Ligand SMILES: C[S@@+](CC[C@H](N)C(=O)[O-])C[C@H]1O[C@@H](n2cnc3c(N)ncnc32)[C@H](O)[C@@H]1O
């Protein structure tokens with residue numbers, strides 16, 4: 006059987022993948038991104054014994070390879086991430102956002118945080134390390150870090166908490182590597198004290214969401230960029246419905262609520278800006294649930 010090649014994608018197959026991915030994840034693949042589909046799917050087709058990407062897609066269409074549908078969608082997600090990505094958001098968390106939330110929640114001693122597109126886990130683990138490192142007072146609090154993503158295989162990697170040398174070289178200060186990781190062969194395993202502080206689970210931002218307790222802090226970083234305007238609007242509005250009135254929403258560097266949802270106000274902290282529901286907006290109504298994870 007000839008191996009699947011990166012040049013085997015017809016216009017009809019490209020169109021099929023674009024519609025499938027849009028339907029299942031709302032991720033928009035642009036008309037000029039045929040190369041991206043080819044590179045992402047060629048390896049999967051070859052590994053699974055298909056003669057070409059076309060044959061894999063034909064099997065999904067006629068039902069004989071239906072089990073690969075989810076994997077095709079997941080293969081088209083971009084999982085680029087790194088520890089302490091972009092630096093300034095974490096500076097804002099350390100200097101302003103977490104101290105402010107701790108003041109406001111001092112009577113309940115509880116913080117609920119959601120990393121809403123967590124990829125392979127560097128983002129929620131960075132947050133857990135930051136809390137551990139700089140806010141020892143939180144050790145007596147209930148701190149829940151929920152981390153979700155669409156891609157199940159990616160979440161398995163996140164849950165394992167095992168990272169390559171290249172991954173830990175990107176953004177992770179040496180002191181934190183030494184303190185919170187152990188070297189296992191060529192890889193680095195995050196210690197249980199950090200790993201167990203994060204609860205990973207699958208969640209598609211464009212489907213129904215499970216009930217979260219009202220959220221104090223939401224990280225929705227570097228994922229809105231993949232959606233069209235109407236999906237961005239819907240997600241931002243839904244986020245406002247699950248967060249505390251005085252909570253914070255953190256977006257990626259190329260993302261904004263501007264022209265998408267007027268219900269947020271921009272809050273600037275040095276070189277970073279995040280968002281907060283405007284006063285007068287309704288508070289989150291989700292019922293409290295879940296047992297908390299202690300940091
Ligand atoms: C570029 S990564 C961002 C990771 C991290 N937030 C960061 O900023 O480093 C985008 C993530 O969004 C996830 N994603 C894409 N579409 C999604 C959807 N509809 N629902 C949930 N997650 C989605 C992808 O699987 C991917 O892991």
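Numbering (this note's numbering), first residue to last: 6 to 300.
Note that CB positions come from ideal geometry on N, CA and C, so glycine has one too.
As the structure is a computational prediction, the values presented were derived from the model and not from experiment.
**Study point:** Residues bridged to residue 237 (per DSSP)
**Key:** Residue 237 is not bridged to any residue.
Practice item. Figure out for me which residue from 221, 171, 211 and 167 has the closest Cα to the Cα of residue 197. Key: It is 167 whose Cα lies nearest to the Cα of residue 197.
**Study point:** Inter-residue spacing [alpha-carbon to alpha-carbon] between residue 207 and residue 157
**Key:** Looking at the two C-alpha atoms, the distance is approximately 6 Å.
Exercise for review: Report yes or no: do the region 99 to 117 and the region 127 to 140 share at least 3 C-beta pairs separated by less than 8 Å?
Suggested key: Between the region 99 to 117 and the region 127 to 140 there are three or more inter-stretch CB-CB distances shorter than 8 Å, so the stretches are counted as touching.
Practice item. For residue 152, name the three-state secondary structure that DSSP assigns. Key: Under the three-state reduction of DSSP output, residue 152 falls in the strand class.
Review point. So the alpha helix (DSSP H) residue 104 belongs to, where does it begin and stop?
Key: Taken as a continuous stretch (DSSP letters only), the alpha helix (DSSP H) holding residue 104 covers 103 to 109.
**Study point:** Reduced DSSP category for residue 267 - H, G, I as helix; E, B as strand; rest coil
**Key:** DSSP places residue 267 in coil when its eight states are reduced to three.
Review point. For residue 228, which option in 273, 20, 83 and 27 has the closest C-alpha, if you only look at C-alpha atoms?
Key: The candidate whose alpha carbon is nearest that of residue 228 is 83.
Review point. Shorter than 9 Å from the beta carbon of residue 193 to some beta carbon of chain D?
Key: Absence of chain D from the displayed structure is noted, only one protein chain being present.
Check your understanding: What do you reckon, is the C-beta of residue 257 under 8 Å from a heavy atom of ligand 1?
Key -> It does: the Cβ of residue 257 is within 8 Å (strictly closer) of some heavy atom of ligand 1.
Review point. For ligand 1, is there a heavy atom less than 8 Å away from the beta-carbon of residue 173?
Key: No.
Check your understanding: Which parts of the region 179 to 263 are runs of the beta strand (DSSP E), unbroken and 3 residues or longer, counting only runs that do not cross its ends?
Key -> The region 179 to 263 is shown to contain whole beta strand (DSSP E) runs of 3 or more residues at 186 to 189, 192 to 195, 203 to 207, 220 to 225 and 248 to 256, in chain order.
Review point. By Cβ distance below 6 Å, which residues in the same chain neighbour residue 152 in space, the five residues on each side in sequence not counted?
Key: Taken in chain order, the residues that qualify are 120, 123, 129, 203 and 205.
Exercise for review: Kindly confirm or deny that the region 242 to 250 and the region 214 to 228 touch, where touching means at least three C-beta pairs closer than 8 Å.
Suggested key: Three or more Cβ pairs closer than 8 Å define a contact, and the region 242 to 250 meets that threshold against the region 214 to 228.
**Study point:** Bounding residues of the beta strand (DSSP E) (the contiguous stretch that carries residue 98)
**Key:** DSSP places residue 98 outside any beta strand (DSSP E), giving it a letter other than H or E.
Review point. In this structure, what does DSSP give as the bridge partners for residue 279?
Key: Answer by DSSP bridge pairing, in chain order: 272.
**Study point:** CA nearest to the CA of residue 258, picked from 239, 234, 126 and 225
**Key:** Nearest C-alpha to residue 258: 225.
Exercise for review: State the DSSP-derived secondary structure class of residue 118, mapped to helix, strand or coil.
Suggested key: Strand at residue 118.
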